[in-house]
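Convert by adding 1235 to the 1-based position in the sequence shown; the result is the number in my numbering. From the three backbone atoms N, C-alpha and C, an ideal C-beta is built for every residue, glycine too. Below: one structure, written as structure tokens.
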Amino acid sequence: MIKIQNLTKRFADKTVIENMTMDIPDGQKLAVIGPSGCGKSTLLRLLICLLAPTGGKILVDDVDINRLKEYDLMKLRRKIGMVFQSSALFDSMNIFENVAFGLRQQEKHPPENYIKEKVKEKLKMVDLDGTQEYLPSELSGGMQKRISLARAIATDPKIILYDEPTTGLDPITSTNIEDMINKMNKELNVTSIIVTHQLSTIFRTSDRIVMLHEGRLIESGSVEQTKASENPIVRNFIKGGLP
Ligand SMILES: Nc1ncnc2c1ncn2[C@@H]1O[C@H](COP(=O)(O)OP(=O)(O)OP(=O)(O)O)[C@@H](O)[C@H]1O
Ligand SMILES: [Mg+2]
């Protein structure tokens, strides 16, 4: 269970997230929506401790993640996989090394055979076993997203964060990534937090939607509740999407 309590994040005098409180139960597929610049990526960075909050706290399984010492922080990071807004693969490393990255970061270096098996298993999950020797630049954008997903699940996380997993992809590739997100959630029994602008992704992958506006949480509900929302900002989003 993730508990976000009175979370505030400021950059200099700009408040990006203001007094946000919400619980995210285990296994939930949560979509976080809102206009460009409203703080979605910032929220994910706070969840993975790449940023520290200005106020409030985040508890993961009742542990305050900002109080962790380095060793426990590494353990937490293994519990959380992140698929970044740009796929953020390492250009000069082949696919095998990209997916193996998190495994090699562990304090007890796993044996090479184990790494090989794990990478194969994760690449199979995203239907890309056999690409181990390729460089990221030799794969399409959609394939790179799937590699990024394989890398995120390499350490068997309990939580997967997706930052715009389908933005910029064609409809067929988007559908394919959405299916992957659903498959990961079901087969790995993880909690998924999906930040996105894309309506198809919101409706096809989430069982709860929260909307951010000017740093605040303005709506939280199921897909059906969100579609029926009377809030004009939410209605506008559902009608036309936001920039
Ligand atoms: N490290 C930083 N230092 C200063 N300002 C920042 C920093 N990171 C983000 N911001 C500001 O915080 C605001 C929210 O940024 P964020 O990237 O979270 O938005 P977003 O909702 O993910 O937008 P998009 O949909 O375009 O990806 C922006 O105004 C951005 O300029
Ligand atoms: Mg963003």
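CB contact flag (residue i, residue j, <8 Å)
i, j, result
"V1318", "Y1369", "no"
"A1385", "L1423", "no"
"T1431", "T1402", "yes"
"I1259", "I1416", "no"
"L1404", "G1376", "yes"
"K1353", "L1363", "no"
Backbone secondary structure at residue i - three-state DSSP
i, result
"Q1341", "coil"
"T1243", "strand"
"A1335", "helix"
"D1307", "helix"
"I1461", "A small fix is needed here, since residue 1461 is Thr in this sequence, not Ile. Of the three classes helix, strand and coil, the one that applies to T1461 here is helix, per DSSP."
"T1256", "strand"
"S1435", "helix"
"E1352", "helix"
"T1277", "helix"
"L1447", "strand"
"P1478", "Residue placement at P1478 cannot be trusted, given a pLDDT of 42 that sits under 50; the coordinates are not used to answer."
"T1250", "strand"
"I1300", "helix"
"I1473", "helix"
"I1283", "coil"
Contact set for residue i: own chain, Cβ-Cβ below 7 Å, skip 5 residues either direction
i, result
"L1303", "L1311"
"G1269", "K1275, M1446, L1447, H1448"
"F1438", "V1458"
"L1324", "N1333, P1371, Q1379, I1382, S1383"
Spatial neighbours of residue i in its chain, beta-carbon cut-off 6 Å, leaving aside the 5 residues before and after
i, result
"S1322", "Q1379, K1380, S1383"
"S1455", "V1445"
"I1468", "H1448"
| task | Could you pull out every unbroken alpha helix (DSSP H) segment of at least 4 residues lying fully inside the segment 1357-1426, listed in chain order? | result | 1376-1388, 1406-1423, all fully within the segment 1357-1426.
Quiz item: Is the segment 1379-1395 touching the segment 1296-1315, taking contact as three or more C-beta pairs under 8 Å?
Solution: The segment 1379-1395 makes contact with the segment 1296-1315, as at least three CB pairs between them are under 8 Å.
Check whether the segment 1274-1294 and the segment 1242-1259 touch, using three or more Cβ-Cβ pairs below 8 Å as the test.
A contact exists between the segment 1274-1294 and the segment 1242-1259.
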